[in-house]
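In my numbering, the protein residues as written are 1 to 214.
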């Protein structure tokens, strides 16, 4: 089984993420009058790859959960609209790499901290959604972390943990793989900071390099 992270692995939202966050926060501020300081671009990018609730708790700690959720849901709407309109950047070889793995007989899944509509919008826009098994996402109940997502796949498909490779770029990907005894492929072209990833089985400097390993 190959489980892909999304942002920083298959797709980069870096060119659109700041604009969508700012728009959603400014819309909320105009309605409520509560926010006067916007997060910077760097502050936002440091959060990418973390669970959504954690991101907004870190960026907007003075707001209650309900209000952070309002902004979060608006960001999601804006992101999905932008992706469908051609916003953001797909890494080279998304379609050919996913298709290659499927044709080789791998079960293809997704392990992302993103919400379902975001993940499926990215995969659908890339033209690869049909190669993926039904996607498990964080539900804030029994699945609260990326590690929980991997654990659910292990239960569902009955694979041994060491036969599953998580392909990702951030510490949360590494942590999910290691906590479940899975292999980890590090996408060094993604959003990680220097020294963020402790170790890995493979270092992919481009997505298409997966074809050389699998």
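For glycine and all other residues, C-beta sits at the position ideal for the given N, C-alpha and C.
task: Kindly identify the DSSP beta-bridge partner or partners of residue 203.
output: BP columns for residue 203 point to 186.
message: Quick check for students: name the residue ranges of the beta strand (DSSP E) that lie wholly in the stretch 71-145, counting only runs of 3 or more.
response: Whole beta strand (DSSP E) segments, 3+ residues: 108-110.
task: Can you give me the Cβ contacts of residue 202 inside the same chain, cut-off strictly under 6 Å, excluding the 5 residues immediately before and after it?
output: The residues are 185 and 213.
- request: Check each candidate in 207, 152 and 199 and name the one with the smallest Cα separation from residue 175.
  value: Closest by alpha carbon: 199.
- prompt: Do residue 4 and residue 110 have their C-beta atoms closer together than 9 Å?
  reply: Taking a C-beta distance under 9 Å as the contact criterion, residue 4 and residue 110 qualify as a contact pair.
- request: Compare the Cα-Cα distances from residue 145 to each of 6, 50, 17 and 30 and report the closest residue.
  value: Out of 6, 50, 17 and 30, 50 has the C-alpha closest to the C-alpha of residue 145.
field: Pairwise C-alpha distance: residue 180 and residue 161
entry: Our two residues, residue 161 and residue 180, have alpha carbons roughly 7 Å apart in a direct line.
field: Rounded straight-line distance, which links the Cα of residue 22 to that of residue 33
entry: C-alpha separation (whole angstroms): 15 Å.
field: Rounded distance between the beta-carbons of residue 191 and residue 173, thought under 8 Å
entry: With a Cβ gap of about 11 Å, residue 173 and residue 191 do not count as contacting.
message: Could you give the first and the last residue of the continuous alpha helix (DSSP H) run that contains residue 59?
response: Counting along the chain, the alpha helix (DSSP H) containing residue 59 begins and ends at 52-59.
task: Go through its chain and collect everything with a Cβ distance to residue 84's Cβ below 8 Å, but skip five positions before and after it.
output: Only 121 and 125 meet the Cβ criterion.
field: Counted within 10 angstroms of its Cβ, other Cβ atoms place residue 114 as buried (16 or more) or exposed
entry: Label assigned to residue 114: buried.
- request: List the endpoints of the continuous alpha helix (DSSP H) containing residue 2.
  value: Careful: residue 2 lies outside any alpha helix (DSSP H), inside the beta strand (DSSP E) at 2-4.
query: Looking only at C-alpha atoms, which of 155, 107 and 72 sits nearest to residue 17?
result: The closest CA to that of residue 17, considering only 155, 107 and 72, is found on 72.
- prompt: Any contact of the stretch 6-14 with the stretch 84-94, i.e. 3+ C-beta pairs under 8 Å?
  reply: Taking a cut-off of 8 Å on C-beta distances, the stretch 6-14 touches the stretch 84-94, as three or more cross pairs fall below it.
Cβ shell of residue 159 (< 6 Å), same chain only, five flanking positions each side left out: Counting only Cβ-Cβ distances below 6 Å, and skipping sequence neighbours, we find 1.
task: Since I believe residue 24 is in contact with residue 68 (beta carbons under 8 Å), could you give me their beta-carbon distance rounded to a whole number of angstroms?
output: Rounded, the Cβ-Cβ distance is 11 Å, inconsistent with contact.
message: Helix, strand or coil for residue 62? Go by DSSP, reduced to three states.
response: Here residue 62 carries a coil assignment [DSSP, helix/strand/coil].
Nearest candidate by alpha-carbon position, reference residue 208, set 136, 187, 37 and 163: Residue 187 is the option with its Cα nearest to residue 208.
query: Helix, strand or coil: how does DSSP classify residue 214 here?
result: Judged by DSSP in its simplified three-state form, residue 214 adopts coil rather than helix or strand.
- prompt: For residue 166 versus residue 131, is the C-beta distance shorter than 9 Å?
  reply: Between residue 166 and residue 131, the C-beta spacing is not below 9 Å.
query: Based on Cα-Cα distance, which residue from 10, 206, 48 and 58 lies nearest to residue 95?
result: Of the candidates 10, 206, 48 and 58, 10 places its Cα closest to the Cα of residue 95.
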